[in-house]
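Chains Z and U are the protein sequences, given in the same order.
The end of the first sequence is residue 248 by this note's numbering, with every number in the run present.
The end of the second sequence is residue 248 by this note's numbering, with every number in the run present.
A short worksheet on the structure shown next.
Number of protein chains: 2
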Amino acid sequence: MAYKDQVWAKGLVAKVEAKVRKLLAESPSCHDWDHTQRVWRTACHLAEQEAADMLLVEVAALMHDIGRVAELRDQGRTCHARLGAAMVPELLADMDVSCQAFIDAVAECVRSHRYRRRDGVGPQSLEAKIVYDADKLDSMGAIGIGRSFHFAGRIGARVHNTSEEALNSDSYSVEDSAYREYLVKLRFLHDHILTPSGRALAKRRHQFMVDFFAEINREVRGEDLAK
Amino acid sequence: MAYKDQVWAKGLVAKVEAKVRKLLAESPSCHDWDHTQRVWRTACHLAEQEAADMLLVEVAALMHDIGRVAELRDQGRTCHARLGAAMVPELLADMDVSCQAFIDAVAECVRSHRYRRRDGVGPQSLEAKIVYDADKLDSMGAIGIGRSFHFAGRIGARVHNTSEEALNSDSYSVEDSAYREYLVKLRFLHDHILTPSGRALAKRRHQFMVDFFAEINREVRGEDLAK
């Protein structure tokens, strides 16, 4: 998009950062400002590697979870991606963004960043793919492991359950453990990363998760006692 | 202790198991029945290796956290080890245990199993050392990592904070993260394991934690993006 000289583009990232930081102040820490900052940084890295529109990527990465507080508050009835996309136009208008194409592009990134999609439309633009990848990468590796145990603790689920009974349980149930999240989602993420630079990072983070859950199962089954 | 033929010793482990399972029903999952079961199994393994009094170890391992619910309820004002030891005589009397030496020995194991001791008395008997080691081993390795993030989630602390500012914060604060727990306690545990068989297990679990926190710091600082 040709907007580099537009008045509204100047200082926009800082304005969005300040606004989102405020919006996420109430968000529990799996999807808090720390998470958004990591996604933002990863997205910048991917945007550089993939020669994408940096301003669009930065604004969209910062805004990707602005609907989260509402979804967490009603335990998943709200779709945070859809709500977030709906919040984008007004927020950007308040920051004097006057380019409708830019607003639409940010909204697309926010709407399509979700792994568990409620409609069939995945990320289409390069920038939407980057925001999606950056968000997924933060659910992988050691940080993904930490976030999933943390989430289980927050909702009062079990620490761990080696058996696959976790698989037959529901979100927000006592079996909604980190291992359930791994079985139903995390272990598949590396196959759904959309950019080449994202895939390179995902490979390492995926293997780290595989090794971690193998080890926790070994320990919890008492298999390391036997040696 | 010479009690193998005593009437009270028969079926005691099953009775204690049933009672403790009930007592821990309300306990949040870092210190729940799952944890106690793992400590019990590890303690049995160590007792076998160290040729310890198996009945004493089993009963004490099962009972080690019976004071936990109270401590968690008042955010640490109660000392669960001291409270648990005080609960032992009545519970065992209800199960017709008539040997005072056995009751005292169980109470000692429960009183001295705690890492953050409020008085200066550590585990003295072989059996108390075994219960202590088994409990510490469950705070190490992948399961220790999982439990510490889970605890942070339960109390609403941050997922992670790579800086050592975590060190200068308090228990139950927003900085009481898994990494804080690692910095103030988990990374030192391997040096405090008391039995040779326990030390062998601790070595592997310690290294796993070291590698995990190195990796999460790498990810959270964005160091794996640079490659």
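C-beta atoms are modelled at their ideal positions from N, C-alpha and C, and glycine is treated no differently.
If you're wondering where the values come from, they're calculated on a predicted model, not measured in any experiment.
Annotation: the region 68-106 of chain Z contains the following complete segments of the alpha helix (DSSP H) (minimum length 4 residues), in chain order: 75-84 and 89-94. For residue 63 of chain U, the nearest CB of chain Z lies under 9 Å from its own CB, placing it at the interface with that chain. With a threshold of 9 Å between beta carbons, residue 243 of chain Z makes contact with chain U.
Note that the C-beta distance between residue 246 of chain U and residue 242 of chain Z is not below 9 Å.
With contacts defined as CB atoms closer than 9 Å, residue 74 of chain U and residue 158 of chain U fail to qualify as a contacting pair. Take the alpha-carbon of residue 118 of chain U and the one of residue 196 of chain Z: they are about 37 Å apart. Interface annotation, residue 246 of chain Z: in contact with chain U, CB-CB separation under 9 Å. Excluding residues up to 5 positions away in sequence, 199 and 202 lie with their Cβ nearer than 6 Å to the Cβ of residue 169 of chain U in the same chain.
Fully enclosed alpha helix (DSSP H) runs of no fewer than 4 residues occupy 199-205 and 217-241 of the region 172-244 of chain U, in order along the chain. By the neighbour-count criterion, in which 16 or more other beta carbons inside 10 Å mark a residue as buried, residue 98 of chain U falls on the exposed side. Note on residue 32 of chain U: under 16 other CB atoms within 10 angstroms of its CB, so exposed under the neighbour-count rule. Residue-level contact check: residue 103 of chain Z does not touch chain U, since none of the beta carbons of chain U fall below 9 Å from its beta carbon. Under the 10 Å beta carbon count, residue 230 of chain U is surrounded by 16 or more other beta carbons and is classified as buried. DSSP places residue 130 of chain U inside the alpha helix (DSSP H), whose first and last residues are 121-132. Under the 8 Å Cβ criterion, the region 178-192 of chain U does not count as touching the region 210-223 of chain U, having fewer than three qualifying pairs. At least one beta carbon of chain U lies nearer than 9 Å to the beta carbon of residue 222 of chain Z. Interface residue (Cβ-Cβ distance to chain U less than 9 Å): residue 97 of chain Z is not classified as such. Excluding sequence positions up to five before and after residue 191 of chain U, its CB lies within less than 8 Å of the CB of 197, all in the same chain and listed in chain order. With contacts defined as CB atoms closer than 9 Å, residue 155 of chain U and residue 88 of chain U fail to qualify as a contacting pair. Flagged as an interface residue toward chain U: residue 236 of chain Z, by a C-beta distance shorter than 9 Å. Excluding the 5 residues flanking it on each side, residue 236 of chain U has no same chain C-beta neighbour closer than 6 Å.
Chain Z places a beta carbon closer than 9 Å to that of residue 240 of chain U, counting this residue as a contact.
The beta carbon of residue 214 of chain U does not come within 9 Å of any beta carbon belonging to chain Z, so the residue lies off that interface.
Among the residues facing chain Z, residue 208 of chain U is not included, as its CB has no counterpart in that chain under 9 Å away. DSSP places residue 135 of chain Z outside both helix and strand once states are collapsed to three, so it counts as coil.
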